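Participant:
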Amino acid sequence: MKLIRRQDHGDPARQPGWPQALNPRLDRRHFLRAAGLGGLAASVTPGLVKESEAAQEPGAINLPQLEQVKTICGNCAVGCGFVGEVQDGVWVSQEPWFEHPINLGSLCSKGAAAREHVISEKRLRYPMKRVNGQWQRLSWDQAMSEIVDKLQEIREQHGPDALMLLGSAHHNNETAYALRKFAAFWGSNNIDHQARICHSTTVAGLANVWGYGAMTNSMNDIRHSRSIMIIGENVCTSHPIAMQHILTAKEVNRAQVIVVDPRFSKTAAFANQYARIRSGTDVAFIYGLIYIILKNGWEDKRMLNERTYGLQALVDEVGKFDPDTVENITGVSKDELERIARTMADNRPGTVIWAMGGTQHTNGTSITRSYCALQLVLGNMGVPGGGTNVFRGHDNVQGATDLGVLSNTLPGYYGLGAGAWNHWANVWGADVEDLKSRFTNEKMMQKVGFTVARWYEGVLLDAEELGQDVNVHAAFYWGHSTNCQSQLDRIKRALEKVDLLVDIDPFVTTTSILPDRPDGVYILPAATVYEQYGSVTNSNRDIQWRNRVVAPVWESRSDLAIMLDLAERLGFKDGLTRNTQAAWEGVPESMADVKELPEETYASIIREWNLGMRTIGMTGQTYERMKRQQEWAHAFDIKTKAAVGGPVDGEQWGLPWPCWTEQHPGTHILYRTDIPVSQGGLGFRARWGTQAPDGDTLLAANGSAPAGSSVNGGYAELKDWKTDLTGQVFADAMAKELAPFGNGRARFNSWNIPDPVPAHREPIHSPRPDLIAQWPTYDDVKDHYRVPTLFKSLQKPDWVKDYPIILSSGRQVEFEGGGNSERACWWLVELQPEMYVEIHPKLANDHRIRHGDWVWIESPEDQDGKPSRIKVKAKITKRVGPDMVYLPFHWGGMLEGESLASKYPAGYVPYGLGESANIVTNYGYDRVTQMQETKTGLCRISKA
Amino acid sequence: MAQTQVTIPFRESEGPQAKHAPARLKFYVDVKRCIECGGCEVACKNENNVPEGIARIRVVTVNEGEAGESNVAVPCMHCSKAPCVAVCPVDALYHREDGIVQVNKETCIGCGYCLYACPFGAPQFPKSSPFGARGVMDKCTYCAGGPEEPFSDRERRLYGSNRIAEGKLPMCASVCSTKALVAGDGEEVANVVRQRMAARGSGGGGWAWGTAYPESK
Amino acid sequence: MEPIILWQTKWSYSLHVPLYLFFGGLTSGIFLAAVVADLMERKWQGAALLSKVSSYSAIVTLALAGFFLTVHLGKPERGLAFPLFFTNYDSWMTRGGWIVGVGTLLVLLYAALWYRGGAAWVRRLVGLVGLPVLLMLAVYTGLLLSRGTFVPLWSSKYLPFLFLNSGITTGLAASGLVGLVALWFRGPQPQTAHSVVRWISMAVALFILLELFEIYNFMTYLAGSGQHAPTGEFVAPKGGAHVYQYVTRGALAPWFWWGVIGLGLTVPLLLTLVEFLLDCLTRPLGWHRVLFTVPKFALVLLGGILLRCVIVWGGDLSAPLDFPPSVWPIPPISGG
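Chains A, B and C are the protein sequences, given in the same order.
If you count by my numbering, then the first sequence holds residues 9 to 952, one letter each, in order.
If you count by my numbering, then the second sequence holds residues 4 to 220, one letter each, in order.
If you count by my numbering, then the third sequence holds residues 2 to 337, one letter each, in order.
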C-alpha cells in the first residue's frame with residue numbers, strides 16, 4: 009500500500025465522487041512520450057510531471073514521492089531494464105525504463121512480475137533443516153556450523169572432490185567469479201552451472217570455429233538484418249522482447265523471417281517461411297542449404313578465401329547432403345530447402361538465431377558449428393545485420409560462463425592447465441603450491457570435473473567407474489533447479505544417497521522436496537537478484553550494472569554473504585577476499601549475522617576480474633563506466649547501441665567484451681574488419697597457432713585486417729596478451745590497432761575435437777532405424793567429465809517399435825528454468841495453471857485421447873526395471889506434428905501422478921504444481937560438452 | 004447524470020491552444036505484433052493489485068498452432084459509444100472528458116447487464132457463489148483510477164493505480180514487449196498505426212478491412 | 002478477414018437469470034389467465050375460482066421473480082431501492098424495474114380486490130388496466146436480452162415475442178394447475194368443473210403451436226445468418242450459424258431437443274391431442290382428465306424454465322472481434 013502525503017483536503021475542486029478533471033497540463037504529446045514509441049523515447053525523459061511544477065500550482069495534484077531504482081530484470085539474457093519504485097525500503101511498484109536501449113520500457117510477463125519475487129508469500133524466510141522427515145527451522149549460525157562440520161568431515165574422509173557445487177546462472181558476475189574462486193580454494197573442479205545444459209555446445213562449438221564462443225552481434229542489431237533464420241528457438245516464448253527488434257526488421261527492412269522448428273511455434277506464426285524439421289537433424293539441413301549455395305555459386309568467395317581454413321574438408325562433407333538425402337533425413341522438402349537457401353542468399357546480410365533446439369543434442373557441438381559454417385559461406389560474419397545470434401538463457405548465464413563457473417576451466421576460459429593456474433594465482437596474489445595443496449593432487453587440479461548434467465553418477469556409480477577416486481558425498485544446489493536436468497529419477501536417487509544436501513535459493517525448490525529422505529537436507533534462504541548489487545552480462549555480451557532495489561528480506565542473505573561466511577568457517581576467507589593489488593573493500597571481520605555486502609565490495613571484485621579476465625577482454629568495463637552508462641541510457645541509439653554525445657560519446661551500450669582498455673568502447677559486433685580495433689573491430693582469433701597440422705596457414709590473408717591495422721593481414725596472437733597484468737600489452741595493441749588475440753582464420757575443420765568437420769549423427773533415441781545405420785552415434789567414452797558416458801552401446805534401432813513417438817521439451821513464456829520462483833508467483837500461475845503435453849489431433853484420436861484427458865507418458869529408460877513415466881493433461885493442438893509430443897519442463901511438485909505437496913514445508917507449497925518433464929526425458933549427452941539431449945527422445949503415450 | 008451520448012470535446016488542432024487541447028485516450032491492439040508474452044496481463048495485476056480471478060486485460064489466441072495464428076490483447080476498449088454505459092441502470096458507468104470509461108463502484112449494483120452488453124467481456128465480477136452474490140463490477144480503468152481523490156488510499160484499494168493523473172500511460176501499453184498495444188491520444192495512436200500500415204502494405208492488419216470492403220476479401 | 006466468434010463462459014450454467022426470466026413471464030401469463038377467466042366467469046364454470054387463485058399465485062410468482070432478480074445482483078439492497086438509484090431510462094433494466102414495480106402494485110391490488118370481494122367491475126377494470134403492464138413484463142425480458150447486440154442468440158427481434166409467448170403458455174399452464182388444485186378441493190362437481198380447465202388446455206395448445214412456429218422461425222433465421230446483416234450482427238455475420246449449431250447440435254442440444262421441444266412443447270401437445278380424442282371418441286373424461294392435464298401443465302412449466310436456460314446459456318457465444326475465422330475457448334471470466 010502506498011503511503012502518500014496528503015494535501016488540499018478542503019479544496020472544493022478536488023472532492024471525490026465525480027469524474028476528476030484531467031490535469032490541464034497533460035496534452036496529447038505528453039502522453040506519446042511516455043509510450044516509448046519510435047525514436048521519441050531516445051530523446052526525452054518519461055512523461056512524469058515534475059515535482060517542482062506540481063508544488064507551485066495551487067490545487068495541484070500531489071504525486072507520490074518514491075525512490076526510483078534502475079535495475080535489470082533477472083529472468084533472461086535479453087537483459088531488459090526497468091525501474092523499481094521503493095518507499096521506506098519497501099518495493100511498492102515497477103515502472104518502465106523507457107530509455108533503456110534494449111527493451112525501451114518493455115517487459116514480458118516474467119519481468120512484469122519481478123516485484124513478486126521479493127514480496128511473494130512463498131519466499132523462504134529462514135533456514136530449515138530436515139529432521140526425521142519434518143522441516144524444522146534453525147538459525148543461520150546453527151545451520152552454517154552444522155553444514156561446515158559435515159563438509160569438513162566429508163573432506164577428511166574422502167577429500168575435496170567429494171563435494172559437487174552446482175552454481176547459478178542467476179548469480180551476478182561478482183558472485184559467480186567469487187564462487188569459482190571459492191571452489192579453487194576449496195580444492196575441487198567439481199563446480200558447474202546451467203550453461204552446461206543450455207549453450208555449452210554453442211560455446212565449445214563457436215570457440216572452436218573462430219575463437220570466442222558467444223553471440224557475435226546483438227538483438228538490437230537484428231534491426232539491420234534482411235533475412236533472419238530462427239532455428240531451434242522460439243523467440244516469442246523465450247526472448248519476447250527480442251521480437252520487438254525482429255518485427256521491426258520485418259516491417260521496416262522487409263526482412264524475411266524463416267523459422268525452422270519441429271513445432272509450429274508462436275514465432276513461426278510471424279515467419280515468412282516455416283519449415284518443419286525433425287529434431288536433431290540440423291546439420292543435415294544446414295549442409296543441404298550449403299550444398300545448394302555452393303552449387304549455385306552464391307557463396308562469399310572473398311570471406312572464404314581470406315578468412316577461413318579447411319573449406320575443402322567442409323565441401324567434402326557437404327557433398328553427402330544433396331537435397332534428396334536431406335529430405336529423407338530432416339523431413340524438409342527439396343522445394344522448401346531451395347527456397348530457404350535462395351532467400352538467405354538473396355537477402356544479405358542475414359542472421360542466424362538459435363537456442364536449445366540446436367544445442368541440446370549429442371552432436372550439439374557439430375550443430376552449432378554448422379550454423380557458423382553457413383554464415384561464413386554466406387559471408388554474413390562481421391557485418392551489421394549478420395552474425396550468429398545465439399540467444400542465451402538466464403540473465404547472467406553469459407557472465408557465469410565467462411567467469412568460469414564450469415568444471416572444465418578457470419575464469420576466462422583459461423582452462424585448467426598449469427598456465428591457467430599460474431595466471432590466476434598471480435591475479436589472486438596466491439601461491440600456486442598453496443592452491444595445489446588444497447586439491448587431492450596435481451592431476452585432479454588439472455582435470456575437468458563433474459558437470460551438472462551427470463554429477464549424480466558420481467554418487468550412484470562405484471568409485472572405480474569414475475574419473476576420480478571417490479564418490480560424491482555432498483551437493484550444494486546454489487541457485488540451481490534440479491528439475492531442468494534429464495534423468496530426474498536418477499537424480500532423485502542421488503539426492504537421497506548423498507550425506508549432505510544444501511539448497512540455497514530464495515524459494516523452496518524441487519531439489520529439497522523431491523528426495524525421500526529423513527534428514528541431511530538444509531534449505532538456506534538466499535536473496536533474490538533484486539536484493540543484491542552486481543553486474544550481469546546478457547546474451548549480447550553487454551555488461552550492465554544492476555542496482556539493488558531493496559535489502560534482503562526476512563532472514564535471507566545475499567549469495568556473496570553466504571559464500572564468505574562459508575569461506576570464513578572453512579578458513580580461506582582471507583585468500584578469497586583479496587588479490588595481488590588489494591583486499592576487497594567492505595568485508596567485515598566476522599561474517600556472522602551479515603546479510604549483505606556493501607556496494608564497494610562488489611566494485612572491488614569488478615576490479616579483480618578486470619585484472620584477470622584478459623582472454624575475452626573483460627578488462628575495460630570498470631565499475632565507474634558501468635554506472636555512468638546507466639545514467640546516460642538515453643544517449644544510446646537503438647539500432648547501433650552506440651552513444652551519441654555526452655561523456656559516453658562513442659561507447660557501446662554495455663561495453664560488450666572484448667573491451668580491451670578503459671578507453672575502448674566495447675565490441676558490439678565481433679569480427680568486423682571495417683572499423684579499427686580501438687573502435688571495436690576484430691579479425692577472427694588466431695587461437696591455434698599460425699599453421700594447421702596439414703600445413704595450411706591459419707592467419708588471415710594479406711589485406712584482410714581491421715581498418716587502420718598496423719599489420720595489413722594476418723598475425724599471431726601478441727606475446728603475453730593473456731597474462732600481462734599491467735595492461736601494457738593491451739595499451740600497445742590499441743595504439744597499433746592490433747587485436748591482442750591475433751588475426752586468424754575461422755576453421756571449418758576443428759581437428760582437436762571429435763568430428764573435426766561437423767557431422768550429422770542420429771540422436772541416440774532416433775525414430776529412424778534405417779538412418780541409425782548410416783549416421784550412427786559416437787563410441788562410448790569411459791572418462792567423460794569423470795563419468796562414463798554411453799553412446800553407441802545404448803542406441804537401439806528397435807526402440808521405436810515400442811516407443812514410437814518423438815519426445816521433446818521446451819519453454820513456456822510465463823516460466824523460466826525450474827520454475828520454482830515463477831510458480832510461486834500467483835500472477836504467473838493464473839496464466840498457466842497446469843502442466844500439459846501437446847499432442848496432435850491425429851495422434852490423440854489414434855489413442856482415444858480427448859482434450860483435457862489425463863495421459864501417461866512413458867520413457868524407454870527405466871529405474872530398476874520400472875519404466876519412468878509421468879501423468880499429465882493432454883492439450884490437443886496442431887502445433888506439433890503427428891509424430892511428436894512436447895512437454896514444458898518448468899514444473900515440479902508431482903511425481904508419477906502423485907502430488908508432492910505434503911513434502912513442502914508448511915506454507916511453502918507453490919501455487920503451481922505439476923509433473924517434471926525430465927522424469928521421462930531420455931539419456932543422451934553431447935560428445936564434447938556433455939550437454940543433455942532433451943530436445944529429442946522417444947516415448948509412448950496412453951490414456952490414463 | 005446519464006452519459007449515454009458521447010461528447011467529443013472541442014479541439015483546436017492549430018493555434019496557441021494546441022498544446023493544451025484535451026486528449027481523447029484510446030487503446031489500439033496491433034495484431035501483427037502481439038506475441039502473447041503476457042506482459043500486459045501481469046503488469047496490470049502488479050500495478051493495480053487486481054483481485055484474484057479478474058483479468059482486466061487478457062490475451063486471446065486464435066488459430067493456435069496453424070498458419071494464421073494471431074494473438075490479440077483485450078482490455079476494456081473505452082468505446083466512444085460504449086454499450087456498457089448505455090445499458091447500466093444506475094448510471095454507474097460514465098465517460099470522462101478524456102474518453103476513459105469508468106465505473107463508480109459505490110453506485111454499481113452488480114446486475115451484470117454491462118457484462119453482456121460488452122463485446123469484449125471487459126466488465127468482470129470478483130465473486131460468484133450459488134446465491135449470486137457477485138460483488139460489484141471491476142474492469143480496466145485505463146490506469147486512471149476511479150471517482151475518488153487521485154492517489155488516495157481509497158482510490159488505490161477500489162480501483163488500482165492512477166497513472167493518468169501522473170501524466171503516464173497505462174501500465175499494459177507501457178510494458179508491451181513489441182509495442183503491439185498502443186495507448187494514448189486517439190490522433191497520435193492513429194498516426195502510429197498509419198505509419199505501420201503504410202510500412203507493411205496490404206494485409207498489414209487493418210481492422211475490419213474485410214467488413215468495410217467485402218469485395219476485396 | 003472474417004469476423005470470429007469467441008467463447009466466454011460468463012454464465013457458467015447458473016440459474017438465477019433464467020429463473021427470474023421464467024417467473025417474470027409466468028406472472029404475465031398467470032395474470033392474463035386470471036383476467037380472462039374473470040371476464041368469462043359466466044360462460045366458463047369454475048372460472049371465478051380459477052381467477053381468484055391465479056391472482057394469488059401471481060403474487061407468489063412475481064415475488065419469486067423479484068427474489069431471483071434481487072439475489073443475482075452484487076448489491077441486492079440497492080436493487081430493492083431502485084426508484085432511488087435506477088436513473089438511466091435508456092436501459093431496459095431500469096424500465097423493467099419499473100414495470101416489475103408497477104406490476105407488483107397492480108397484482109397486489111387485483112388480488113386484494115378478489116380477497117376483499119366488492120364490485121366486480123372495479124376489479125375487472127384494474128385487471129384490464131394491469132394486463133398491458135403485465136404482458137409488458139414478459140416482453141421486456143426479451144427486450145432486455147436483445148440489447149446484447151454482440152450475442153448472436155439474443156440480438157434478434159424474435160426474442161421478445163418468444164418470451165411473451167412462452168410466458169403466456171407457461172402462465173396459462175400454471176394457472177390451470179393451481180386452478181385444478183383449487184377446483185378439486187373447493188370447486189363445483191367434477192363434471193362441470195373442467196370447463197375452464199378445458200378452455201385453458203385449448204389455449205395452451207394453441208399457444209404451444211404458436212411457440213413451436215416461432216422457435217422454428219427463430220432457428221431458421223439463425224441458421225441462415227450470413228446472408229443478411231441485421232442489427233448487431235454486423236461484426237459477425239456467421240454468429241447466428243455458430244449458435245444455431247451450438248443450440249441444436251452442440252452441448253445445449255439435449256436441453257433444447259429433449260427439454261424444450263420434447264418435454265416442454267411436443268409432449269404436452271400430444272397429451273392434449275390424446276385427451277381431446279378421448280373426449281370425442283369416448284364419453285367426456287371425468288376425474289381421469291387430471292391424468293392428462295397435470296402432467297401436461299407441469300411439463301409446460303418445465304419447458305419454460307428450460308427454454309430460458311437454453312437462451313441464457315447460449316449467450317456464452319458472443320461475437321466481439323473482427324478476425325480470422327475460428328472458435329477457440331478463452332479463459333473463463335467471473336460472473337453470473
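From the three backbone atoms N, C-alpha and C, an ideal C-beta is built for every residue, glycine too.
None of these values were measured; they are calculated from a predicted model.
May I ask which residues mark the beginning and end of the beta strand (DSSP E) holding Tyr530(A)?
Facilitator: Here the question's residue 530(A) lines up with position 522 in the first sequence. First-last of the beta strand (DSSP E) with Tyr530(A): Val529 to Pro533.
Participant: Thinking C-alpha only, which one of Val385(A), Ile512(A) and Leu522(A) is nearest Ser910(A)?
Facilitator: As a position in the first sequence, residue 910(A) is number 902, starting the count at 1. Ranking the options by Cα distance to Ser910(A), first place goes to Leu522(A).
Participant: In chain order, what residues of the segment 559-579 of chain A put their CB closer than 7 Å to some CB of chain B?
Facilitator: Of all residues in the segment 559-579 of chain A, none has a Cβ within less than 7 Å of some Cβ in chain B.
Participant: Flag this pair as touching only if the segment 474-481 of chain A and the segment 455-466 of chain A have three or more C-beta atom pairs under 8 Å; answer yes or no.
Facilitator: Yes, the segment 474-481 of chain A touches the segment 455-466 of chain A.
Participant: Run through the DSSP bridge pairs and tell me what Cys667(A) is partnered with.
Facilitator: Position 659 of the first sequence, counting from 1, holds the residue named residue 667(A). Answer by DSSP bridge pairing, in chain order: Met626(A).
Participant: For the putative contact between Ile274(A) and Glu152(B), defined by C-beta atoms under 8 Å, what is the C-beta separation to the nearest angstrom?
Facilitator: Counted from its first residue, the first sequence places residue 274(A) at position 266. Counted from its first residue, the second sequence places residue 152(B) at position 149. This sequence places Lys at residue 274(A); Ile is not what is there. About 43 Å; that fails the 8 Å criterion.
Participant: Considering Val360(A), what are the terminal residues of the beta strand (DSSP E) in which it resides?
Facilitator: Position 352 of the first sequence holds residue 360(A). Where Val360(A) is concerned, the enclosing beta strand (DSSP E) stretches over Gly358 to Trp362.
Participant: Can you check whether the CB of Thr283(C) is closer than 9 Å to the CB of Ser202(C)?
Facilitator: Taking the first residue of the third sequence as 1, we reach residue 202(C) at position 201. Taking the first residue of the third sequence as 1, we reach residue 283(C) at position 282. No, Cβ-Cβ distance for Ser202(C) and Thr283(C) is not below 9 Å.
Participant: When we look at the beta-carbon of Pro771(A) and count the other beta-carbons within 10 Å, is it buried (16 or more) or exposed?
Facilitator: Residue mapping note: residue 771(A) aligns to position 763 of the first sequence, counting from 1. Classification for Pro771(A): buried.
Participant: With 9 Å as the threshold, decide whether the Cβ of Ala89(B) is near any Cβ in chain C.
Facilitator: The sequence position of residue 89(B) within the second sequence is 86, counting from 1. Judged by the 9 Å Cβ criterion, Ala89(B) is in contact with chain C.
Participant: Name the chain B residues whose beta carbon is nearer than 7 Å to that of Met94(C)?
Facilitator: Working through the third sequence from its first residue, we reach residue 94(C) at position 93. Within chain B, the residues near Met94(C) are Val90, Pro92, Cys114 and Tyr116.
Participant: Which term fits Gly688(A), buried or exposed, when burial requires 16 or more other beta carbons within 10 angstroms of its beta carbon?
Facilitator: Your numbering for residue 688(A) matches position 680 in the first sequence. With 16 or more other Cβ atoms within 10 Å, it is buried.
Participant: Could you give the distance in angstroms between the alpha-carbon of Leu503(A) and the alpha-carbon of Gly427(A)?
Facilitator: The sequence position of residue 503(A) within the first sequence is 495, counting from 1. The sequence position of residue 427(A) within the first sequence is 419, counting from 1. Going by the C-alpha atoms only, they are around 36 Å apart.
Participant: Report all residues from its chain with a CB closer than 8 Å to the CB of Pro331(A); omit the five preceding and five following residues, and keep chain order.
Facilitator: Counting from 1 along the first sequence, the entry for residue 331(A) is found at position 323. Cβ neighbours of Pro331(A) beyond the five flanking positions: Gly296, Tyr299, Ile300, Lys342, Leu345 and Glu346.
Participant: Short of 9 Å Cβ to Cβ, which residues in the segment 150-163 of chain C face chain B?
Facilitator: Hits within the stretch, in order: Thr150, Phe151, Val152 and Trp155.
Participant: Can a CB atom of chain B be found closer than 9 Å to the CB of Gly818(A)?
Facilitator: Sequence index remark: in the first sequence, residue 818(A) carries index 810 (1-based). For Gly818(A), the answer is no, since every Cβ of chain B falls outside 9 Å of its Cβ.
Participant: My output table needs one value for Glu42(C): the three-state DSSP class, helix, strand or coil.
Facilitator: Counting from 1 along the third sequence, the entry for residue 42(C) is found at position 41. Coil, per DSSP.
Participant: Taking C-alpha atoms, which residue in Asp169(A), Arg356(A) and Thr373(A) lies nearest to Met364(A)?
Facilitator: Counting from one through the first sequence, the residue named residue 364(A) turns up at place 356. When only C-alpha atoms are compared, the closest one is Thr373(A).
Participant: Counting only runs that start and end within the segment 300-371 of chain A, where is the beta strand (DSSP E) found for 3 or more residues in a row?
Facilitator: Runs of the beta strand (DSSP E) inside the segment 300-371 of chain A: 358-362.
Participant: Do Ala471(A) and Val506(A) count as a contact pair if the criterion is CB distance below 9 Å?
Facilitator: On the first sequence, position 498 is the one that residue 506(A) refers to. On the first sequence, position 463 is the one that residue 471(A) refers to. For Val506(A) and Ala471(A), no; Cβs fall outside 9 Å.
Participant: In whole angstroms, what is the alpha-carbon distance linking His308(A) and Gly387(A)?
Facilitator: To locate residue 308(A), count along the first sequence from 1; it is residue 300. To locate residue 387(A), count along the first sequence from 1; it is residue 379. His is not the amino acid found at residue 308(A); the sequence shown has Asp there. Those two C-alpha atoms are separated by around 5 Å.
Participant: With distances taken between CB atoms, is the gap from Asn371(A) to Arg935(A) smaller than 9 Å?
Facilitator: Counting from 1 along the first sequence, the entry for residue 371(A) is found at position 363. Counting from 1 along the first sequence, the entry for residue 935(A) is found at position 927. It is a contact, given that the beta carbons lie within the stated cut-off.
Participant: By a C-beta neighbour count over all protein chains shown, 10 Å radius and 16 as the cutoff for buried, is Lys850(A) buried or exposed?
Facilitator: The residue you call residue 850(A) lines up with position 842 of the first sequence. Exposed, because fewer than 16 other Cβ atoms sit within 10 Å of the Cβ of Lys850(A).
Participant: If I follow the unbroken beta strand (DSSP E) through Trp99(A), where does it start and stop?
Facilitator: In the first sequence, counting from the first residue as 1, residue 99(A) sits at position 91. Note, Trp99(A): beta strand (DSSP E), Val98 to Pro104.
Participant: Between Thr267(C) and Leu223(C), is the Cβ-Cβ spacing less than 9 Å?
Facilitator: Along the third sequence, read from residue 1 onward, the residue named residue 267(C) stands at position 266. Along the third sequence, read from residue 1 onward, the residue named residue 223(C) stands at position 222. Cβ distance not < 9 Å, so Thr267(C) and Leu223(C) don't count as in contact.
Participant: Taking 6 Å as the limit between beta carbons, can you name the residues of its chain near Met389(A), skipping five residues before and five after?
Facilitator: Along the first sequence, read from residue 1 onward, the residue named residue 389(A) stands at position 381. Once the five neighbours on either side are set aside, the close Cβ partners of Met389(A) are Gln383 and Tyr679.
Participant: Using a cut-off of 7 Å between C-beta atoms, extract the partners of Arg199(B) located in chain A.
Facilitator: Within the second sequence, numbered from 1, the residue matching residue 199(B) stands at position 196. Those within 7 Å of Arg199(B) in chain A are Glu259.
Participant: Counting C-beta neighbours from all protein chains within 10 Å, is the total for Ala21(A) 16 or more, i.e. buried, or is it exposed?
Facilitator: Here residue 21(A) corresponds to residue number 13 of the first sequence, with the count starting at 1. Its pLDDT being 35, under 50, Ala21(A) is placed unreliably by the model, and nothing is read from it.
Participant: Across which residues does DSSP place Cys40(B) in a beta bridge pair?
Facilitator: As a first step, residue 40(B) must be located in the second sequence, where it is residue number 37. Bridge partners of Cys40(B): none, in fact.
Participant: Suppose contacts are defined by Cβ-Cβ distances below 9 Å. Is Ser717(A) in contact with Lys744(A) by that definition?
Facilitator: Reading the first sequence from its first residue, position 709 is the one you call residue 717(A). Reading the first sequence from its first residue, position 736 is the one you call residue 744(A). Cβ atoms of Ser717(A) and Lys744(A): closer than 9 Å.
Participant: Compute the beta-carbon to beta-carbon distance between His1(C) and Val72(C), rounded to the nearest angstrom, for a pair I have assumed lies under 8 Å.
Facilitator: Residue 1(C) falls outside the range modelled here, since chain C spans only 2 to 337, and no answer is possible.
Participant: At what residue ranges does the segment 139-206 of chain B contain a whole run of the alpha helix (DSSP H), taking only runs of 4 or more?
Facilitator: The segment 139-206 of chain B contains these whole alpha helix (DSSP H) runs: 156-162, 174-178 and 189-203.
Participant: Under the three-state reduction of DSSP, which class applies to Gly56(B): helix, strand or coil?
Facilitator: Position 53 of the second sequence, counting from 1, holds the residue named residue 56(B). Coil at Gly56(B), not helix or strand.
Participant: Using a cut-off of 7 Å between C-beta atoms, extract the partners of Pro5(A) located in chain B.
Facilitator: Absent from the structure is residue 5(A), since the part of chain A shown begins at 9 and ends at 952.
Participant: From Asn194(B), Gly189(B) and Val77(B), pick the residue whose C-alpha is nearest to that of Val34(B); which is it?
Facilitator: For this step, residue 34(B) is matched to residue 31 along the second sequence. Out of Asn194(B), Gly189(B) and Val77(B), Val77(B) has the C-alpha closest to the C-alpha of Val34(B).
Participant: Since Arg125(C) contacts Leu50(C) with CB under 8 Å, what's their CB separation in whole angstroms?
Facilitator: On the third sequence, residue 125(C) is found 124 positions in, with the first residue counted as 1. On the third sequence, residue 50(C) is found 49 positions in, with the first residue counted as 1. The Cβ separation is near 16 Å, so there is no contact.
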